[in-house]
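Numbering (the working numbering), first residue to last: 15 to 199.
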């Protein structure tokens with residue numbers, strides 16, 4: 015390759031790099047692209063459904079309030095701001111928020127996210143309140159063991175410690191160690 019062609023190739027490469035850098039800088043300055051310098055050590059996940067633009071599960075770095083949820087799920091719902099007293103209520107990880115509006119008022123219904131979502135997201139499920147179907151969302155727990163957990167819970171009234179499930183037929187120490195991160199009381 016001769017010197018003239020090498021210089022032309024290098025110049026073209028530098029020009030392309032300069033062009034891409036300029037576009038990136040313009041996006042940052044215009045607010046379209048904000049470099050993320052924060053790091054979430056622990057994410058909070060909340061499921062949104064109902065009369066919102068985009069239903070789904072949303073992750074947050076901090077426990078979100080209703081206003082944060084509404085904005086993340088596609089912006090403000092029409093006529094929401096007037097008279098909404100619960101805009102600053104916080105929602106913990108693993109909650110499902112169903113938003114309904116009748117044109118005049120916003121109705122908020124709070125429930126727990128499905129166990130299948132929770133286990134996928136690494137959110138522990140309650141050993142004392144989860145359903146039979148929900149317990150099967152835990153890797154290593156099938157219908158038989160989940161049924162045994164429900165029977166033992168009914169017999170005891172409730173579990174006082176997570177390790178009490180070791181009395182359930184089929185839960186051996188190795189399985190217990192595997193499923194323990196998925197469970198809370």
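Glycine residues also receive a C-beta, built at the ideal position from the N, C-alpha and C atoms.
Remember, it's a predicted structure, so these values are computed and weren't measured experimentally.
Alpha-carbon spacing of residue i relative to residue j, whole angstroms
i           : j           : result
residue 166 : residue 86  : 41 Å
residue 119 : residue 77  : 24 Å
residue 35  : residue 179 : 58 Å
residue 30  : residue 195 : 49 Å
residue 162 : residue 60  : 30 Å
residue 128 : residue 79  : 20 Å
residue 69  : residue 113 : 10 Å
residue 43  : residue 188 : 54 Å
residue 170 : residue 64  : 38 Å
residue 24  : residue 37  : 20 Å
residue 154 : residue 107 : 23 Å
residue 149 : residue 115 : 33 Å
residue 191 : residue 74  : 29 Å
residue 32  : residue 39  : 10 Å
residue 186 : residue 117 : 54 Å
residue 184 : residue 126 : 28 Å
residue 28  : residue 21  : 10 Å
The ligand ATP heavy atom lying under 6 Å from the CB of residue i
i           : result
residue 146 : The ligand ATP is absent from the structure shown, which contains no ligand whatsoever.
Nearest to residue i (by Cα), restricted to the options the options
i           : options            : result
residue 72  : 58, 81, 121        : 58
residue 172 : 146, 160, 126, 142 : 142
residue 104 : 164, 113, 83       : 83
residue 88  : 164, 66, 107, 106  : 66
residue 130 : 33, 117, 115, 147  : 147
residue 134 : 122, 197, 190      : 197
residue 122 : 81, 145, 144       : 81
residue 168 : 126, 117, 21, 145  : 145
Opposing strand residues paired with residue i [DSSP bridges]
i           : result
residue 113 : 64, 122
residue 197 : 139
residue 70  : 62
residue 79  : 104
Cβ separation of residue i and residue j, assumed to be a contact under 8 Å, to the nearest whole Å
i           : j           : result
residue 174 : residue 111 : That pair is no contact at about 31 Å.
residue 109 : residue 132 : The Cβ separation is near 10 Å, so there is no contact.
residue 152 : residue 193 : 5 Å
residue 199 : residue 176 : 6 Å
Practice task
Assess, as a yes-or-no matter, whether the segment 128-139 is touched by the segment 154-161 under the definition of 3 or more beta carbon pairs within less than 8 Å.
Solution key: no
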